[in-house]
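Shown next, in C-alpha cells, is the structure this report addresses.
2 protein chains.
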Amino acid sequence: MRLIVARCTVDYTGRLSAHLPSATRLIVAKADGSVAIHADDRAYKPLNWMSPPCHLRIEADEAGTGLWSVTNRAGEELRILLEEVFHDSEHELGTDPGLVKDGVEAHLQELLALHISSFGEGFSLIRREFPTAIGPVDILCRDAQGATVAVEIKRRGDIEGVEQLTRYLELLNRDPLLAPVRGIFAAQEIKPQARVLAQDRGIECQVIDYDVLRGTDDPTARLF
Amino acid sequence: MRLIVARCTVDYTGRLSAHLPSATRLIVAKADGSVAIHADDRAYKPLNWMSPPCHLRIEADEAGTGLWSVTNRAGEELRILLEEVFHDSEHELGTDPGLVKDGVEAHLQELLALHISSFGEGFSLIRREFPTAIGPVDILCRDAQGATVAVEIKRRGDIEGVEQLTRYLELLNRDPLLAPVRGIFAAQEIKPQARVLAQDRGIECQVIDYDVLRGTDDPTARLF
DNA sequence: TGATATATCTCGAGT
DNA sequence: ACTCGAGGTATATCA
Chain V
5 MRLIVARCTV
15 DYTGRLSAHL
25 PSATRLIVAK
35 ADGSVAIHAD
45 DRAYKPLNWM
55 SPPCHLRIEA
65 DEAGTGLWSV
75 TNRAGEELRI
85 LLEEVFHDSE
95 HELGTDPGLV
105 KDGVEAHLQE
115 LLALHISSFG
125 EGFSLIRREF
135 PTAIGPVDIL
145 CRDAQGATVA
155 VEIKRRGDIE
165 GVEQLTRYLE
175 LLNRDPLLAP
185 VRGIFAAQEI
195 KPQARVLAQD
205 RGIECQVIDY
215 DVLRGTDDPT
225 ARLF
Chain A
5 MRLIVARCTV
15 DYTGRLSAHL
25 PSATRLIVAK
35 ADGSVAIHAD
45 DRAYKPLNWM
55 SPPCHLRIEA
65 DEAGTGLWSV
75 TNRAGEELRI
85 LLEEVFHDSE
95 HELGTDPGLV
105 KDGVEAHLQE
115 LLALHISSFG
125 EGFSLIRREF
135 PTAIGPVDIL
145 CRDAQGATVA
155 VEIKRRGDIE
165 GVEQLTRYLE
175 LLNRDPLLAP
185 VRGIFAAQEI
195 KPQARVLAQD
205 RGIECQVIDY
215 DVLRGTDDPT
225 ARLF
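Going down the list, the protein sequences come from chains V and A.
Just so you know, we're using the working numbering here: the first sequence kicks off at 5 and counts up by one.
Just so you know, we're using the working numbering here: the second sequence kicks off at 5 and counts up by one.
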C-alpha cells in the first residue's frame, strides 16, 4: 500500500464525468492495483476512486510529480495529476484475515420461524425458504383457520420488499393446493411508502422488535 | 488527517457487531473526527469505520499503542486496539473545493424538462417531481392530444425502472382528472429485458442522447 | 429532524 | 458474464 499526500487535480471519465480542481488530498494505492482519493472529511466515501481489477500507469519525475492513469476493462479512466508531493510512503500489509459479523437477516428469519405465533395466534410453520420458481419464500405458514400465509422478512422494509412478496403471492396463488395465499410483510422498520403499497395490495405489515424477539429466545427466560 | 499503519484488532458494536482479528492495516483519522480502517485491497469500502459526527478518544502510550474509542450520538462504538505502530503521520489538507460531476440523473431531468418536445411534437410540461403517495413522478406532461403522460427517467434503464413507472401509472390512472395516463421510459441506455417488459405493459421507451440534449441547450448552438 | 431517492453505489452469491 | 439482493449501505435533498 502506497500513501501519498499531494496537491493534485483528478479527472474521472466512465459511468459519468467528474473533475476535482487542484487541492491537497490523500491518495491510497493498494496492492490490488486500486486507487482511492480522499479529502479530510467523510470516513467512508472517497472523492474519486477506481475499483479493482484495474491497471495503474505512472508517469512521474524524481519529485513524484506527474501523471497517474488508472484504467479498467470497461474503459473507465481515472487521471491524477500530482502537482506537489508532501508525503510518500510504502507499506507491506499482507492479506487481511477478514471481518466477523453478527446480527443479520438470516438470524431474524431463524428467530421468527421459532416464534411463528408472533405473526398471530394459532399460526403453524409449513417451512422456511419455501422454494418457488422465482426464488425461496422466507417463511410459509398456516393461520388459525388453516389458510396459507407467505411471509417476507426484511431488516428495512421498503417498496422493493413489497414487490418481491407480491411476485411470490401471485405465483403461490396459482397453486390450487395452496391458494388462497395471503401475505405478511415483516421488517424491523417499514417505510411509509412501502406501507401504502402493501395496504393497497392487501398485504399485512408487521414491525418486528429484534430485541424482544431475541429476549423471547433467551434461555434464561425459559423457567419451565 | 492522521495516517497510521499498525497491527491492530477492531471491534464495532452498533447496528450489528463486527470483529477484526489482529492484522496490519491502515487507519485514517480525518479532521471531522471520522475514522476508517482499510486493508490492502478494495478501493472504496473500509473494513470498518465511524462516520461523522462522532467523537474520538485516544488512550495510547509513547509508542502509539493503546486503545482508540470512536463513538457517535446513536450509541455506536468503534474500538481499535493498536498493538504495534509501523507508521504515524499527520497532514494538513484544508477543505476540499469539491467534485464537479456531469451526467447524473438530476441533470438529465432538468434538461428533459427544458426540452419537453424531445418526447414528441406538441408536448407540454405539467410539472417535474409530480407527487404521489408512493413517491414523485419524474416528469408529468401532456401530449399534443391533451392526454397525460408520465415519464420515468433513469441513467441506466433496467427492469426496476419499468416497475417503478408501472406503479405510478396504476396510481395515476385512478385519478379521473388525469386518466388515462400513459408512460414513457427514458434512459441513456435501456436494457433489453427492460424494453421487453415496457413493451408488454404498453410503455414507450426512449433512449436519450445526453450529448445531443446538452448540445441543444448550448447557447452557442442557438443561431436564431 | 425525518423521509426519500440516488449512487461511478460496493460486494457477494448464485446461475 | 450477468442478475439479484443486501449493506453498519452513505450521502444529498427536501418537507
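Note that the Cβ used here is the ideal one computed from N, Cα and C, for glycine as well.
Given residue i as reference, the closest of the options once Cα atoms are compared
i              : options                        : result
A35 (chain V)  : A:L30, A:Q149, A:I194, A:V39   : A:L30
A151 (chain A) : A:L129, A:E167, A:G102, A:G139 : A:L129
P101 (chain V) : A:D92, A:T13, A:D213           : A:T13
G219 (chain A) : A:G18, A:G139, A:S93, A:L115   : A:L115
A22 (chain A)  : A:R11, A:V9, A:E81             : A:E81
M5 (chain A)   : V:H91, V:P56, V:P57            : V:H91
G98 (chain V)  : A:T17, A:L201, A:A10, A:E193   : A:A10
L86 (chain A)  : A:G206, A:I188, A:I8           : A:I8
L217 (chain A) : A:D106, A:L112, A:L60          : A:L112
D231 (chain V) : V:R199, V:I84, V:N177, V:Q192  : Nothing can be reported for residue 231 (chain V), as the shown portion of chain V is limited to 5 through 228.
G107 (chain A) : V:V200, V:E208, V:Y16          : V:Y16
P50 (chain A)  : V:C58, V:V153, V:L103, V:Q168  : V:L103
G68 (chain A)  : A:N52, A:S93, A:H59, A:M54     : A:S93
G126 (chain V) : V:V153, V:L182, V:M54          : V:V153
K233 (chain A) : V:E208, V:R19, V:P184          : Outside the displayed span of chain A (5 to 228) sits residue 233 (chain A), for which this structure offers no information.
P196 (chain V) : V:R131, V:Q210, V:Q168, V:A183 : V:Q210
E96 (chain V)  : V:L201, V:D215, V:A33          : V:A33
L144 (chain V) : V:R160, V:A183, V:E109         : V:A183
I84 (chain A)  : A:A78, A:R77, A:M54, A:A110    : A:M54
F134 (chain V) : V:A198, V:R77, V:L176          : V:L176
R77 (chain V)  : V:A202, V:R132, V:P57          : V:P57
E109 (chain V) : V:R160, V:N52, V:R199          : V:R160
L201 (chain V) : A:I207, A:Q168, A:D179, A:R132 : A:Q168
Neighbour list for residue i in chain A, Cβ cutoff strictly below 8 Å
i              : result
Q197 (chain V) : A137, I138, G139
G98 (chain V)  : A27, T28, D44
F90 (chain V)  : H95
I84 (chain V)  : Per Cβ cutoff of 8 Å: no residues; I84 (chain V) is ~13 Å from chain A at best.
Burial state of residue i (16 or more Cβ within 10 Å)
i              : result
Y48 (chain V)  : exposed
S38 (chain V)  : buried
K158 (chain V) : buried
R171 (chain A) : buried
D44 (chain V)  : buried
A190 (chain A) : buried
D222 (chain A) : For D222 (chain A), the predicted model reports a pLDDT of 49, less than 50, meaning its position is unreliable; a value from the coordinates is still stated below. D222 (chain A) comes out exposed.
E156 (chain V) : buried
A40 (chain V)  : buried
H59 (chain A)  : exposed
G187 (chain V) : buried
V185 (chain V) : buried
Neighbouring residues, chain A, relative to residue i (Cβ below 9 Å)
i              : result
S21 (chain V)  : V104, K105, D106, G107
P50 (chain V)  : A47, Y48
S38 (chain V)  : D45, R46, A47, Y48
E201 (chain V) : Per the sequence shown, residue 201 (chain V) should be read as Leu rather than Glu. What L201 (chain V) touches in chain A: A137, I138, R171.
Residues bridged to residue i [DSSP beta-bridge criterion]
i              : result
V141 (chain V) : V:F134
M54 (chain V)  : V:V39
K158 (chain V) : V:A191
A27 (chain V)  : V:C12
L85 (chain A)  : A:T13, A:L71
H91 (chain A)  : A:V9
H59 (chain V)  : V:T75
E208 (chain A) : A:I188
K49 (chain A)  : Its beta-bridge partners do not exist; DSSP assigns none.
Under 7 Å from the C-beta of residue i: neighbouring residues of chain A
i              : result
E167 (chain V) : E167
V9 (chain V)   : H95
Neighbouring residues, chain V, relative to residue i (Cβ below 8 Å)
i              : result
V32 (chain A)  : L30, H42, A47
A148 (chain A) : Within 8 Å Cβ-Cβ: nothing; A148 (chain A) doesn't reach chain V, min ~32 Å.
Neighbouring residues, chain V, relative to residue i (Cβ below 7 Å)
i              : result
L24 (chain A)  : L103
W53 (chain A)  : A47, Y48
P180 (chain A) : Under the 7 Å cutoff, chain V gives no residues; its nearest Cβ is about 18 Å from P180 (chain A).
A110 (chain A) : Result: empty, since nearest Cβ-Cβ is about 12 Å, beyond 7 Å.
A35 (chain A)  : D44, D45
Residues that residue i contacts on chain V, provided the C-beta gap is smaller than 9 Å
i             : result
P56 (chain A) : D45, R46, A47
Counting pairs of beta carbons, one from the stretch 57 to 69 of chain V and one from the stretch 66 to 78 of chain A, are three or more of them closer than 8 Å? No, the stretch 57 to 69 of chain V does not touch the stretch 66 to 78 of chain A.
Is it true that the stretch 142 to 158 of chain V meets the stretch 12 to 26 of chain A, where meeting means three or more beta-carbon pairs spaced less than 8 Å apart? By the Cβ rule, the stretch 142 to 158 of chain V does not count as touching the stretch 12 to 26 of chain A, because fewer than three pairs are nearer than 8 Å.
Using 8 Å as the Cβ pair cut-off and three pairs as the minimum, do the stretch 161 to 179 of chain A and the stretch 114 to 132 of chain A touch? By the criterion of at least three beta-carbon pairs nearer than 8 Å, the stretch 161 to 179 of chain A is not in contact with the stretch 114 to 132 of chain A.
Counting pairs of beta carbons, one from the stretch 172 to 179 of chain A and one from the stretch 131 to 142 of chain A, are three or more of them closer than 8 Å? Flag = yes, the stretch 172 to 179 of chain A and the stretch 131 to 142 of chain A touch.
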